[in-house]
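Counted from 1, the sequence shown has number 218 at position 218 by my numbering; the numbering is strictly sequential. For every residue, glycine included, the Cβ atom is placed at its ideal position computed from N, Cα and C.
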Amino acid sequence: MPSFEELKLHLDNAGQSHVLGFWSELTEEDRDNFLSELSLLDLSELKAHCEGAAKAASGPSVRVEQHIEPLPEEFVGSIQRSEGSTLADWENEGLLQISENRVAVLLLAGGQGTRLGVSYPKGMYNVGLPSSKTLYQLQAERIRKIQELATLKHGSKCTVPWYIMTSEFTLKPTENFFKENHYFGLEPSNIIMFEQRMIPAVTFDGKIILQNKGKLAMAPDGNGGLYRAVMDNKVLEDMTKRGVEYLHIYCVDNILVKIADPIFIGFCVSKGADCGAKVVQKAYPEEPVGVVCRVGGVYQVVEYSEIQPETAALRGPGGGLLYSAGNICNHFFTRTFLQKVAQTFDGELTQHAAIKKVPFVDSDGNRIKPTKPNGIKMEKFVFDAFQFSRNFVAFEVLREEEFSPLKNADGVALDTPTTARHSLLTQHCRWAQAAGAILLDDHGNVHPTTSREKAEDNTPVKCEISPLVSYFGEGLEKLLKGKTVTTPFILDEKRAKELQSSVTLSNE
Ligand code: UTP
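Quick look at the structure:
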């Protein structure tokens with residue numbers, strides 16, 4: 001650990017001497033803690049970081065207008081526009097890769113979830129499903145099921161390792177939660193948690209913010225902190241050791257996430273892609289989702305705020321939005337590509353400035369909770385690596401089947417626990433009805449067939465299907481065909497066995 005004098009000198013050189021302004025008031029213990037916090041800072045980068053943050057916050061966003069173009073059609077696959085047999089081929093390829101232990105999933109779970117406003121990691125959130133399952137549990141069970149499906153299809157017992165990037169805020173509670181829940185039936189050695197770095201929040205003029213007299217206001221360095229974190233924690237070595245070649249990288253908050261989706265993986269592998277993004281059609285021009293496109297010949301995600309409204313509203317030859325490939329943070333990376341970005345390009349990734357309210361101590365030592373934004377948190381984004389891809393592909397999927405993120409607390413219209421719960425239950429009603437079940441609501445009335453288009457408006461009946469029974473709607477017909485089912489209905493493994501044996505009995 002560097003001495004106090006050494007740190008002071010570095011801080012002086014970086015124009016940050018104010019952080020030691022209350023040193024004389026700190027107890028011995030506070031001083032020790034503060035020194036160890038300061039010693040973890042990358043002091044050589046500190047100056048550039050603070051200047052970069054101040055510049056990013058003051059400058060206008062880079063105009064991408066002149067150089068933007070939609071994704072070339074030949075690099076975009078689609079669930080809707082593909083023949084059933086082609087989808088089956090991709091799925092088979094994906095399952096083959098999974099069965100040969102070449103696929104891992106990587107969860108980005110280091111965020112603070114400030115909009116949702118809970119004090120624990122978002123993955124531990126229970127959106128109020130009949131089963132009370134949390135996001136982590138749903139994901140774990142989907143991993144178990146996809147392992148089983150790959151094994152069934154290709155005969156070899158396999159593992160999909162689960163890499164989980166956490167941060168100082170989420171590591172311990174996530175570890176404890178998994179332990180308390182017996183890793184949701186997964187083998188603990190196949191769940192690899194690692195921690196991303198934290199960086200200081202700064203004021204608009206580039207000064208590090210003190211959270212209290214002996215503590216900096218720190219925040220995780222964005223989901224693009226992945227590239228550093230995999231180097232810091234030797235994650236790539238672990239992947240190599242296990243023979244992992246392909247990764248499905250995803251965000252924690254999408255309740256419908258199709259983990260290690262074999263169709264997506266099979267599509268990317270058969271196109272020889274080094275990197276790929278799942279996308280959904282943007283709903284309307286002003287929708288605040290990033291759009292996957294090309295800018296100046298390289299792949300990029302462009303935020304709605306970065307382009308003119310007229311550009312966002314442009315229509316293509318078929319009448320749909322020209323820039324319609326909405327990014328849903330579901331990515332395919334080869335291990336080699338991840339390694340290339342982490343080793344070679346991390347320093348070139350854009351630092352994005354998020355303007356936030358950051359609690360601080362003022363120069364008199366008073367703790368202030370700001371009422372308006374006062375600070376900048378710098379973040380890197382995982383998708384900024386797309387620009388380094390040599391063979392990038394996109395894959396369009398149906399929003400109502402694959403994307404419903406949990407961002408906000410209830411009380412607003414979008415991306416809340418209620419919308420997430422409804423999306424999942426609506427999907428499961430659809431699956432059950434497609435398998436031939438007749439669903440009865442609380443009053444014993446037949447629930448109308450849940451159409452895709454109306455999915456969001458209908459309050460669904462409580463029909464929940466465990467991922468351990470069905471990964472994506474498959475295998476339900478033999479259990480539900482012609483059955484009248486009263487709701488709430490949870491189709492878990494036990495219920496599936498009962499239904500299975502009743503089918504067997506009636507066939508005898
Ligand atoms: P968001 O940008 O939605 O952030 O993260 P968040 O932390 O979940 O929520 P807010 O903005 O504070 O309300 C998208 C995904 O990226 C991960 C999150 O955990 C989520 O899966 N993430 C975000 C990280 O892994 N690290 C970060 O530093 C930031």
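Pairing V252 with I192 gives a Cβ-Cβ distance that is not under 8 Å. Distances taken from the Cβ of E303 to the heavy atoms of the ligand UTP include none shorter than 7 Å.
The residues N391, in chain order, have a CB closer than 8 Å to that of G272 in the same chain once the five nearest residues on each side in sequence are set aside. Per DSSP, Y136 is one residue of the alpha helix (DSSP H) stretching across 135-154. Y125: not part of any beta strand (DSSP E); DSSP gives it neither H nor E. The ligand UTP approaches E379 closely enough that one of its heavy atoms is under 7 Å from the residue's Cβ.
Residues close to the ligand UTP by the beta carbon criterion (under 5 Å to any non-hydrogen atom) are, from first to last along the chain, L108, A109, G110, G111, Q112, G113, T114, R115, P220, G222, N223, C251, V252.
In this structure, I164 is the residue among V103, A353, I164 with its C-alpha nearest to the C-alpha of G123. Contact between H331 and A277 holds, since their C-beta atoms are separated by about 5 Å, short of 8 Å. Take F267, set aside five residues on each side of it, and the residues of its chain with a beta-carbon closer than 6 Å to its own are G77, W90, F395, in chain order. Per DSSP, the continuous beta strand (DSSP E) segment holding R294 begins and ends at 291-295.
The shortest C-alpha to C-alpha distance from G214 to any of S36, V298, L108 is the one to S36. Sorting N212, S305, V295 by C-alpha distance to the C-alpha of E25 places N212 at the top. Burial check for D274: the Cβ neighbour count within 10 Å reaches 16 or more, so the residue is buried. Here the alpha carbons of L43 and E5 stand approximately 14 Å from one another. Counting only residues of its own chain and dropping the five nearest sequence neighbours on each side, G113 has a CB closer than 6 Å to the CB of K122.
For N126, the CB contacts under 6 Å within the same chain, skipping 5 residues up- and downstream, are S132, T134 in chain order. The beta carbon of H182 sits closer than 8 Å to none of the beta carbons in its chain outside the five residues before and after it.
In the same chain as G290, and ignoring 5 residues on each side of it, the C-beta atoms closer than 8 Å to its own belong to V301, V302, E303, Y304, G326, N327, F383, in chain order. Under the DSSP definition of a beta bridge, S78 partners with E396.
Between T459 and H422, the alpha-carbon positions lie close to 7 Å from each other.
A residue is called buried once 16 or more other Cβ atoms fall within 10 Å of its Cβ, and G206 is buried on that count.
Within its own chain, the residues whose Cβ lies closer than 8 Å to the Cβ of D492, once the five positions on either side in sequence are excluded, are S131, S466, L468, V469, listed in chain order. In this model, Y299 and K494 are separated by some 47 Å (Cα to Cα). Looking only at V103, W23, L38, the smallest Cα-Cα distance to P2 is reached by L38.
Burial is judged here by how many other beta carbons sit within 10 angstroms of a residue's own beta carbon; P161 has at least 16 and is buried. Three or more beta-carbon pairs drawn from the segment 472-486 and the segment 438-448 are found closer than 8 Å, and the two stretches are therefore classed as touching. Secondary structure of N212 (DSSP, three-state): strand.
Per DSSP, the beta bridge partners of A353 are M378. Look at A434 here: in three-state DSSP terms it is helix.
Counting only runs of 4+ residues, the alpha helix (DSSP H) found wholly inside the segment 222-303 occupies 226-232, 235-242, 262-270, in chain order. Of the residues assessed, N366 falls on the exposed side of the cut-off, its CB having fewer than 16 other CB atoms within 10 angstroms.
Out of I255, T203, A432, P72, the CA that lies nearest to the CA of P373 is found in T203.
For the 8 Å CB-CB criterion, I79 and L71 do not form a contact. With contact defined as three or more Cβ pairs closer than 8 Å, the segment 242-260 and the segment 138-150 are in contact.
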